Structure formats: structure tokens, C-alpha cells
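Q: This is the structure, below, for whatever I ask next.
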Amino acid sequence: MSAKKKLKTSAMIASIAGEDQPTTAAPFGHALVEAAGKNDKIVGMTADLGKYTDLHIFAQAYPERYYQMGMAEQLLMMAGAGMAREGFIPFVTTYSVFASRRAYDFICLAIAEENLNVKIVSALPGLTTGYGPSHQATEDVAIFRGMPNLTILDPCDAVDIEQSVQAMVDFNGPVYLRLLRGKVPRVLDRFEGYRFEIGKAKQLIDGKDALIISSGLMTMRAIEASDELKEKGKSVAVLHCATIKPLDSQTILDEVRRHPDRPVFVAENHSVVGGLGESVASLLMKEGVAVKFYQIGLPDEFLDAGALPTLHDRYGISTKEVVKTIEQNAF
Amino acid sequence: MSQTATASKADTLKALRQRAYNIRRHALRMGEVQGQGYVGQALGIADVLAVSYFHALKIDPRNPEWEERDRFLLSIGHYAIALYAALIEAGVISEDEIEDYGSDDSILPMSGMAAYTPGMEITGGSLGHGLGIGVGMALGLKRKQSTSRIFNLLSDGELNEGSTWEAVASASHFKLDNLIAIVDVNDQQADDKSSLVLNYEPIADKWTAFGWETYRVDGNDLDAVLEAFDSALASSSGKPRVIICDTLMGRGVPFLEERDKTHFIRVDENEWSVALQKLDDVYGIQSGEK
Ligand SMILES: Cc1ncc(C[n+]2csc(CCOP(=O)(O)OP(=O)(O)O)c2C)c(N)n1
Ligand SMILES: [Mg+2]
Numbered sequence: 001m002s003a004k005k006k007l008k009t010s011a012m013i014a015s016i017a018g019e020d021q022p023t024t025a026a027p028f029g030h031a032l033v034e035a036a037g038k039n040d041k042i043v044g045m046t047a048d049l050g051k052y053t054d055l056h057i058f059a060q061a062y063p064e065r066y067y068q069m070g071m072a073e074q075l076l077m078m079a080g081a082g083m084a085r086e087g088f089i090p091f092v093t094t095y096s097v098f099a100s101r102r103a104y105d106f107i108c109l110a111i112a113e114e115n116l117n118v119k120i121v122s123a124l125p126g127l128t129t130g131y132g133p134s135h136q137a138t139e140d141v142a143i144f145r146g147m148p149n150l151t152i153l154d155p156c157d158a159v160d161i162e163q164s165v166q167a168m169v170d171f172n173g174p175v176y177l178r179l180l181r182g183k184v185p186r187v188l189d190r191f192e193g194y195r196f197e198i199g200k201a202k203q204l205i206d207g208k209d210a211l212i213i214s215s216g217l218m219t220m221r222a223i224e225a226s227d228e229l230k231e232k233g234k235s236v237a238v239l240h241c242a243t244i245k246p247l248d249s250q251t252i253l254d255e256v257r258r259h260p261d262r263p264v265f266v267a268e269n270h271s272v273v274g275g276l277g278e279s280v281a282s283l284l285m286k287e288g289v290a291v292k293f294y295q296i297g298l299p300d301e302f303l304d305a306g307a308l309p310t311l312h313d314r315y316g317i318s319t320k321e322v323v324k325t326i327e328q329n330a331f
Numbered sequence: 001m002s003q004t005a006t007a008s009k010a011d012t013l014k015a016l017r018q019r020a021y022n023i024r025r026h027a028l029r030m031g032e033v034q035g036q037g038y039v040g041q042a043l044g045i046a047d048v049l050a051v052s053y054f055h056a057l058k059i060d061p062r063n064p065e066w067e068e069r070d071r072f073l074l075s076i077g078h079y080a081i082a083l084y085a086a087l088i089e090a091g092v093i094s095e096d097e098i099e100d101y102g103s104d105d106s107i108l109p110m111s112g113m114a115a116y117t118p119g120m121e122i123t124g125g126s127l128g129h130g131l132g133i134g135v136g137m138a139l140g141l142k143r144k145q146s147t148s149r150i151f152n153l154l155s156d157g158e159l160n161e162g163s164t165w166e167a168v169a170s171a172s173h174f175k176l177d178n179l180i181a182i183v184d185v186n187d188q189q190a191d192d193k194s195s196l197v198l199n200y201e202p203i204a205d206k207w208t209a210f211g212w213e214t215y216r217v218d219g220n221d222l223d224a225v226l227e228a229f230d231s232a233l234a235s236s237s238g239k240p241r242v243i244i245c246d247t248l249m250g251r252g253v254p255f256l257e258e259r260d261k262t263h264f265i266r267v268d269e270n271e272w273s274v275a276l277q278k279l280d281d282v283y284g285i286q287s288g289e290k
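If you read the sequences in order, they're chains B and X. For the first sequence, the working numbering gives the first residue as 1, with consecutive numbering after it. For the second sequence, the working numbering gives the first residue as 1, with consecutive numbering after it.
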């Protein structure tokens, strides 16, 4: 028997936080409780994943406004549409795979086609569990980008998530948000004046040697990569694009054109097919902006099961691998 | 019943009891490797798996893809630990794999997938797929004039999914008497007790109303499970059969039976060896005897 301690799959309870990273517990749940205190139209609904999407915090605070719909994602979306029709603002939660794969038709016709005010908050986006393809939503953005009316959000950390809740309440229309749950890292605090805004990309770090355009947890990796490369004398800019659709075309174009010689890396916790990378690529192509362009994302395949750190290395989205990809291509 | 039939039934039960013990033991050892896992479910369903694999199913452990085998579909991917334990006991998987359970590149991932594990017929985990796949396989077997049968183990949580009920309706429409559903009613789902998440009682009446031949037993009473399987498999009603099994999570390890039930029953690091010891006590097994 080998004495070496094996890496655990740490599947359902996986945290993406690094060992000594500051974190906030259940930022979505707490932010929703706060928003609900100011707006009595807000209700919470789930498909047997309240505890696993941090909605249980809301359920404890507002048991009368919490609807357990059972493990029935299609019903969840239809019932969310019904609630919205009656004037409420339902926050409906499940995992990203089940929202995108199982409930697609119900979201598309019952919610999006009528532009109903349903907020779909889904946990385990991209590669955030080691359970294998049944739970890894590697193509959810690709699936949803083709759906008219739907706004797609991919927050980076607890700060983003907290601010996105009120932003979703203030915004009228259907939204799909890729949730990080449990102990969620806090990284955007360090950027003074940062505010999450639907539809806006934000420059976090300026730099002249390369530009990373990123969303979701890959913005965290991009910041870490930029920090590491700075120590090696390279200045790498980070543009955080927490809204994937509608894309903030103006900011992206301005930023790319500002240094036309800078290679552009688009980093996302998602397949290289159909996500932020291809959105940015088509924008640049349509606008006639020619730059060196690279994608950092998950391969177009069903991914392995295993421990998350192993898989993030294997598929090139760990900080170490991001640094490597940039060094190999940019300088 | 004749004297010899009674005696042989007692022998059958004794042998199955030993199998159920071994399945529980394999599952606890896997849980210990990861320090976590769905052992509560595995302990609860062990008796049903013992009857399935060591009494009902026609399989060839050396050839898991034998064309004439009965197909056992695990739609509940998270119960993989339980099925691995049964497959190890059946000799389909080597016992040596236990120490790699759930680790990187193991053939025993935490959630059951067909491509990883011999004897794992389908990739489960997106709940509510198994019975519909079973309908298609049962239709296919009939087309091939095969006498093999489809078994699908599903959970009470899967009764929440609309897709399950599409398959339930279809199976009776097509008179799929080669399809046997086994439902583990452990009264537990991810958020809460099943009866509180979405109450499905009366479960048996629903299956019956959908045209199935329905059995409901205490899934931890080996004798009752055995009788239900025997009756279901001998039936000539021409209907699909369902065996609804009420089980107790953690069964066989008293302190886990009594622990607060959640989807993931907590087992502390120092408790795994205690659990194995308590299991031996329950089965009256002296150490060194197994
Ligand atoms: C379609 C789908 N929705 C949600 C989940 C997340 N999930 C995993 S297990 C589970 C509970 C299902 O109930 P059951 O199988 O009875 O749970 P257990 O008895 O193991 O606690 C849920 C909701 C899933 N795997 N598939
Ligand atoms: Mg259950």
C-alpha cells in the first residue's frame, strides 16, 4: 500500500478557495436575505438543492417565501415563470448542468420568450466539481448564449456575488447567474472603487505586455497570474467581464485598441466552444481588429473525474497553467 | 413448503446475509479511503443488492459484457459506492481497487460512469435517466428475442423527476415484462426527508395505477426482499414489475442508523474503524473470521 495520501475528489463540498485565501460563507444566500428585506416581491425556489446553492440561508430567514419544488428542474422553471407572471421576483436555484441541459426548453419558452423576471442562480458552473460530466457544466454558457432575452452573468468572487444580487433585483428581465457557493474567495476587495454592474466589463489591472479578458473564477486566476508575472517583470492587464451576454463590446474594443500590439488571452471556466472566448473573437473579427488571440478554457470533451486541483492543472485553468500559457505565447 | 425447500431457503438466506455483510464492509472501507461518501445509502441498500446480485441476476463476473446477461442500471450515480461494493463481492472488480476509490484516475470514481468501471452499465448522476434508458433496452431485448432482463435501481428522489414518470407510463404501455424497477425509499433527498421535499406517498398506488405489478417490502428484511424478487420474477402478468424497498440509511452500523439523517451522513475520521467493528458485532463476526 502506498503511504502517500491521495488527493480526494472532494466532490459536492468542493471549495475553489486557496489555502489561506480570505473567504465569505454563502455570499449569495446572505445578499438575498438583505435584498428581500427591502423588497417583498422576492421569493426563493429550488429543486432539492437549497442547501447546495446557499439558498438555505434565505429559507431560514424567510421560510414563508421559500418554495421547495422537489428535484424537478423543469417544474422549477415553469413555476418560476408562473410566479413572475403574478408579479413576484423568483430566484430559482439548481446546478448549472440541470438548468442548462434538462430545463432548457422550459427556460426558453416559459421564461425568456416572454421576458419574465426570473433569476436563475445555478451552482457548480464549468469545472467546479470532480464528479465528472454529470455535474460539470462545461458548456452551459454555450447553450444559453443562443437564447434571446437572457442575460448571462459569471461573477468572480464573493464581492461580485453580493453586489450582483441587488443588481439583478433592480434589473427587469430573465438572468442566468453562474454561482460560486459555500466558502467563496474574496479577491475584488483590493480594487478600490470596484463595482459590479450588469453589462459592464471592468479593468482591474493595467499592463502593456498582454491583456487577459476573463470571467467568473478565471478572473481570480488572471489576477494571480498577473501578480506572478509582475514579479518576473511583465505587466499583464486584466479586464473582468462578469456579464457574458450582452457583451460590453465598447469597453472590450477600446481596451484592445488601446494597445494593438498586446496579445489577447480570453480566460473562462468553460469550454472553448461557445463561451466568452468565441464571443470576444467574433466581436474583434466583425470590427476588423486583428490581434494575437488565445483562448484559455476547457477542451471540447467530456472531462475526467478526480480532485479539482488535479483537473484544473490537467485542463489548463489553474494559475500555474495560465502563467505558462501566457509566457509561452506572449513574450 | 416441503422440508427440503424450507431448509434450502434457510441456506439461501444465510448465504445472502454473508453477502450483505461483505457488501457493507467493502463500502465502509471505500468510505474510509476518501473520508466521505454516500455510505449511509450503501449500508441501506446492501440487502437489496445482495439479493439482486447473488440471487436474481444472471451475470458472468469474468465477462461483464456477456450478451445474455441481465442488465442492472444504476441511475443514481451517487450510489456508485454501493454498486462497487456489490461488484467487488461478485468478483467483477478486484478488491484491490478499494484503496483507490474516488482518487485521481481510479476506476471507481465517486459518481458511477459506464466508461470507468466494468459492470457499470450506464453513466448515472443526472437523476431520472435510468428508467427511460431501461425502457429502450427492454424494447431492444424483445426485438432481439432475448430472455435477458433489465433491472433499474432508482431512488425516491428520482420519483420527483417528470422523466421517471414518462418511462413508467411507457413501460406499461409497451407491456415490458422484462423490466424490473427497484426503488430505494430511504426517505432522504439532498435538502431534507423525501416526504418533506415532495411527498410521493402513496408510492405503491401510483405505480399500480400506471399499470405496473407492484411490491412493497422492508428493504432491510432479507427474507421479505427475497420473496418479493421471487414473486416478481416468477410472475406471468405481462406487466413491468416494481419492487419498492423501504430502507434505513446506515443499516448495520447502529451509531450511523441513529445519527441525524442527511444526504451525506457525517462519519468522523476516527469512526471508520469503529463502524467496521460495530458491523462485525451486529453480524456476530469475530475478527479474523471474515
Ligand atoms: C437531475 C438532477 N437534479 C439534481 C441532482 C442533485 N442531487 C444529487 S443527489 C440528490 C438527491 C436525490 O434524491 P435521492 O437519490 O433519494 O437522495 P439520497 O437518498 O441519496 O439522499 C440531488 C437533488 C442530480 N444529481 N440530478
Ligand atoms: Mg433517497
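Cβ coordinates follow ideal geometry from the N, Cα and C atoms, glycine included. Given the structure is predicted, the values throughout are model-derived calculations rather than measurements.
Do we get a CB-CB distance below 7 Å when we pair B/Tyr131 with the residues of chain X?
A: yes
Q: Alpha carbon to alpha carbon, how far is X/Ile182 from B/Pro63?
A: 34 Å
Q: Please compile the residues from chain X whose C-beta is within a distance smaller than 7 Å of the C-beta of B/Tyr52.
A: Ala190
Q: For B/Phe293, which beta-bridge partners are listed by DSSP?
A: B/Val264
Q: If we cut at 7 Å on Cβ distances, does B/Gly80 have a partner in chain X?
A: Under the Cβ criterion of 7 Å, B/Gly80 is not counted among the residues facing chain X.
Q: Could you compute how far the alpha carbon of B/Glu192 sits from the alpha carbon of X/Asp96?
A: 55 Å
Q: Would B/Pro174 pass as a contact of B/Ile111 if the rule is Cβ separation under 7 Å?
A: yes
Q: Classify X/Thr117: buried if its beta carbon has 16 or more other beta carbons within 10 angstroms, exposed otherwise.
A: buried
Q: So which residues on chain B does X/Asp187 lean against when the C-beta distance must stay under 9 Å?
A: The contacting residues do not exist; X/Asp187 stays about 14 Å from chain B at best.
Q: If you draw a straight line from the C-alpha of B/Val118 to the C-alpha of X/Gly157, how long is it?
A: 25 Å
Q: Which parts of the stretch 202-271 of chain B are runs of the beta strand (DSSP E), unbroken and 3 residues or longer, counting only runs that do not cross its ends?
A: 202-205, 210-214, 236-240, 243-245, 264-271
Q: Assuming B/Ser282 contacts B/Ile244 under a Cβ cut-off of 8 Å, what Cβ separation, rounded to an integer in Å, is found between them?
A: No, B/Ser282 and B/Ile244 are not in contact; Cβ-Cβ is about 13 Å, not under 8 Å.
Q: Since X/Leu198 and B/Gly70 should fall inside the 8 Å C-beta cutoff, what is the C-beta to C-beta distance between them, to a whole number of angstroms?
A: 3 Å
Q: Pick out whichever of X/Gly134, X/Ala90, X/Ala82, X/Leu131 has its Cα sitting closest to the Cα of X/Pro109.
A: X/Ala82
Q: At 8 Å on the CB atoms, spell out the chain A contacts of X/Ser237, in chain order.
A: Here chain A cannot be found, since the structure's protein chains are B and X.
Q: Roughly how many angstroms separate the alpha carbons of B/Lys200 and X/Arg266, rounded to a whole number?
A: 43 Å
Q: Could you check the C-alpha separation between X/Asp246 and B/Thr46 for me, to the nearest Å?
A: Approximately 26 Å, taken between the alpha carbons.
Q: Starting from the C-beta of B/Asp189, find all residues in its chain whose C-beta is less than 7 Å away, skip the five residues before and the five after it, and write them out in chain order.
A: Val159
Q: Using the three-state DSSP reduction, which class does B/Ala47 fall into: helix, strand or coil?
A: coil
Q: Under the rule that 16 or more other beta-carbon atoms within 10 Å means buried, what is B/Arg195, buried or exposed?
A: exposed
Q: Report the rounded CA-to-CA distance for B/Ser2 versus X/His173, giving the unit in angstroms.
A: Confidence at B/Ser2 is low in this model, with a pLDDT of 41, below 50, so the placement of that residue should be treated as unreliable; the coordinate-derived value is given next. Looking at the two C-alpha atoms, the distance is approximately 54 Å.
Q: What residues of chain B sit near X/Ser292, judged by a beta carbon separation below 8 Å?
A: The structure shown has nothing for residue 292 of chain X, since chain X only spans 1 to 290.
Q: Would you say X/Glu227 lies against chain B (beta-carbon separation less than 7 Å)?
A: It does not; no Cβ of chain B falls within 7 Å.
Q: Mind checking which residues open and close the alpha helix (DSSP H) that includes X/Val51?
A: 39-51
Q: Answer yes or no: does any C-beta atom of chain X fall closer than 7 Å to that of B/Thr310?
A: yes
Q: Could you say which of B/Arg85, B/Asp54, B/Met168 lies nearest to B/Tyr95 if we only look at CA atoms?
A: In terms of Cα proximity to B/Tyr95, the closest of B/Arg85, B/Asp54, B/Met168 is B/Asp54.
Q: Going by DSSP, what residues sit across from X/Gln286 in a beta bridge?
A: X/Gln286 pairs with nothing; no bridge assigned.
Q: Regarding X/His263 and ligand 1, is the C-beta to nearest heavy atom distance less than 6 Å?
A: Using a cutoff of 6 Å, the CB of X/His263 counts as near ligand 1, since one of the ligand's heavy atoms is closer than that.
Q: Excluding sequence positions up to five away, which residues of its chain have a Cβ less than 6 Å from the Cβ of X/Thr6?
A: none
Q: Is any heavy atom of ligand 1 found at a distance shorter than 6 Å from the C-beta of B/Phe98?
A: yes
Q: Identify every run of the beta strand (DSSP E) within the stretch 30-80 of chain B, keeping only runs that are complete inside it and at least 3 residues long; order them along the chain.
A: 42-46, 66-68
Q: Taking 7 Å as the CB-CB cut-off, is B/Asp48 touching chain X?
A: yes
Q: Do you know whose CA, among X/Gln41, X/Ala234, X/Asp281, X/Phe72, lies nearest X/Ala190's CA?
A: X/Gln41
Q: Does chain X have any CB closer than 7 Å to the CB of B/Gly70?
A: yes
Q: Given a limit of 7 Å on CB to CB distance, which residues of the stretch 149-168 of chain X reach chain B?
A: Gly157, Asn160, Glu161, Gly162
Q: Ends of the alpha helix (DSSP H) at X/Ser195?
A: It spans 194-197 - the alpha helix (DSSP H) in which X/Ser195 sits, taken as one unbroken run.
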